[in-house]
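Asker:
Residue numbers (my numbering): 32 to 325.
1. Can you tell me where the alpha helix (DSSP H) with residue 107 in it begins and where it stops?
2. If you drop the 5 nearest sequence neighbours on each side, which residues of the same chain put their C-beta closer than 6 Å to that of residue 91?
3. From which residue to which residue does the alpha helix (DSSP H) around residue 258 run?
4. Report the partner residues of residue 235 according to the DSSP bridge assignment.
5. For the beta strand (DSSP E) that residue 160 lies in, which residues bound it at each end?
6. Name the two residues that bound the continuous alpha helix (DSSP H) containing residue 247.
7. Inspect the beta-carbon positions of residue 205 and residue 244 and report whether they are closer than 8 Å.
8. Could you give the first and the last residue of the continuous beta strand (DSSP E) run that contains residue 69?
9. The alpha helix (DSSP H) spanning residue 290 covers which residue range?
10. So, using beta-carbon positions, are residue 233 and residue 197 closer together than 8 Å?
11. Mark residue 309 as exposed unless 16 or more other C-beta atoms lie within 10 angstroms of its C-beta, in which case mark it buried.
12. Residue 258 and residue 224 - do their beta-carbons sit closer together than 8 Å?
13. Spatial neighbours of residue 294 within its chain, please: C-beta separation below 6 Å, excluding the five flanking residues on both sides.
14. Decide if the segment 165-175 is in contact with the segment 92-104; the criterion is three or more beta carbon pairs, one per stretch, under 8 Å apart.
15. DSSP three-state call for residue 96: helix, strand or coil?
16. Could you have a look at residue 61 and say whether DSSP puts it in helix, strand or coil?
17. Using the C-alpha atoms, what's the distance from residue 193 back to residue 203?
18. For a test of the three-state rule: what should DSSP assign to residue 77, helix, strand or coil?
19. In its own chain, which residues sit with a C-beta less than 6 Å from the C-beta of residue 252, not counting the 5 before and 5 after it?
20. Does DSSP put residue 389 in a helix, in a strand, or in coil?
21. For residue 186 and residue 151, I'd like the C-alpha separation in whole angstroms.
22. How long is the line joining the alpha carbons of residue 72 and residue 212, rounded to whole angstroms?
23. I'd like to know whether the C-beta atoms of residue 249 and residue 191 end up nearer to each other than 8 Å.
24. Who are the Cβ neighbours of residue 127 in its own chain at under 6 Å, not counting the five residues just before and after it?
25. Which residues in the same chain as residue 264 place their Cβ atom closer than 8 Å to its Cβ, once the five residues preceding and following it in sequence are excluded?
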């Protein structure tokens with residue numbers, strides 16, 4: 032049996048190296064000059080892809096923050112060669128036997144090159160070790176199912192066990208419809224894990240990115256000790272149309288946008304993508320030196 036186990040270990044080691052190389056290659060993309068362009072959803076301007084790469088996918092004309100993948104986001108944050116992914120192959124079965132769900136999962140995995148909508152990792156930011164979890168809106172709109180809930184829970188437990196700060200970037204359309212009540216359970220599960228981490232004295236920084244809605248907003252994303260947001264991010268539970276119909280009133284301009292929520296105390300600070308690494312580094316350094324106390 033020893034050769035069999037050695038073969039399996041070799042495959043796992045090779046997979047780990049491939050994922051690490053994927054993040055490191057993403058970190059070098061700023062030197063790449065891709066051809067083509069795309070239209071900014073914010074202002075309608077045509078943006079050259081090479082300009083978007085240099086600006087970390089922020090529109091140079093209006094500052095609109097385009098969605099980015101989980102691995103690219105991690106590459107913008109982590110110190111070189113410190114990335115180590117946690118539970119990379121974690122998936123969940125189609126427990127409810129929802130028709131066509133397996134085929135849709137296979138399509139999403141091929142398109143996004145992800146096992147599910149969340150990536151968890153441990154790494155260093157400006158020399159300080161931390162646990163990171165990033166939701167990727169390219170995979171089922173970042174919806175939270177069993178696999179995402181389990182990965183967020185494990186990330187909090189890992190951070191608690193190893194006495195590390197926890198940083199989560201949220202981007203989600205809410206609970207995953209195809210997983211029904213099992214998806215809704217993840218709201219309580221992740222919230223309980225964050226509470227245990229908080230009770231143990233851990234620092235949890237939550238970062239809202241566009242869009243963060245539904246069950247993710249109503250659970251772990253809103254429980255940060257410090258809550259940051261990217262400019263213009265849509266943050267809410269139900270959509271504006273549903274809220275208008277429920278309360279029978281018109282909503283204020285900019286309702287559910289990061290700027291409105293910062294003004295009303297729900298978000299501590301709005302941080303542009305290009306400044307996010309420095310802002311997080313400062314917060315981690317303050318916490319490590321004991322300036323921030325729970």
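Where a beta carbon is used, it is the ideal one built from N, C-alpha and C, also for glycine. Computed from a prediction, not measured in an experiment: that's the story for all the values here.
Answerer: Quick answer:
1. Counted as a single uninterrupted DSSP element, the alpha helix (DSSP H) harbouring residue 107 occupies residues 101-108.
2. So the qualifying residues of the chain are 82.
3. Element bounds for residue 258: not the alpha helix (DSSP H) but the beta strand (DSSP E), 257-260.
4. In the DSSP output, where bridge partners are listed per residue, residue 235 has 197.
5. Counted as a single uninterrupted DSSP element, the beta strand (DSSP E) harbouring residue 160 occupies residues 159-166.
6. Looking at the DSSP string, the run of the alpha helix (DSSP H) that includes residue 247 is 245-248.
7. For residue 205 and residue 244, yes; Cβs fall inside 8 Å.
8. Per DSSP, residue 69 is one residue of the beta strand (DSSP E) stretching across 68-70.
9. For residue 290, the enclosing alpha helix (DSSP H) begins and ends at 289-294.
10. Going by C-beta atoms, residue 233 is nearer than 8 Å to residue 197.
11. Under this definition residue 309 is an exposed residue.
12. Result no, Cβ atoms of residue 224 and residue 258 do not sit closer than 8 Å.
13. Correct list: empty, nothing qualifies.
14. In this structure the segment 165-175 touches the segment 92-104; the number of beta carbon pairs closer than 8 Å is three or more.
15. In the three-state scheme derived from DSSP, where H, G and I count as helix and E and B as strand, residue 96 is classed as strand.
16. Annotation note: pLDDT 41 at residue 61 (below 50); position unreliable, no value reported.
17. Taking the straight line from one Cα to the other gives about 28 Å.
18. Residue 77: strand per DSSP, three-state reduction.
19. These residues qualify, in order along the chain: 201, 237, 243.
20. Absent from the structure is residue 389, since the part of the chain shown begins at 32 and ends at 325.
21. For residue 186 and residue 151, the distance between alpha carbons rounds to 7 Å.
22. In this structure, the straight-line span from the alpha carbon of residue 72 to that of residue 212 is close to 34 Å.
23. Here residue 249 is not near residue 191, since their CB atoms are 8 Å or more apart.
24. Contacts found: 211.
25. Taken in chain order, the residues that qualify are 96, 239, 240, 241, 242, 243, 288, 289.
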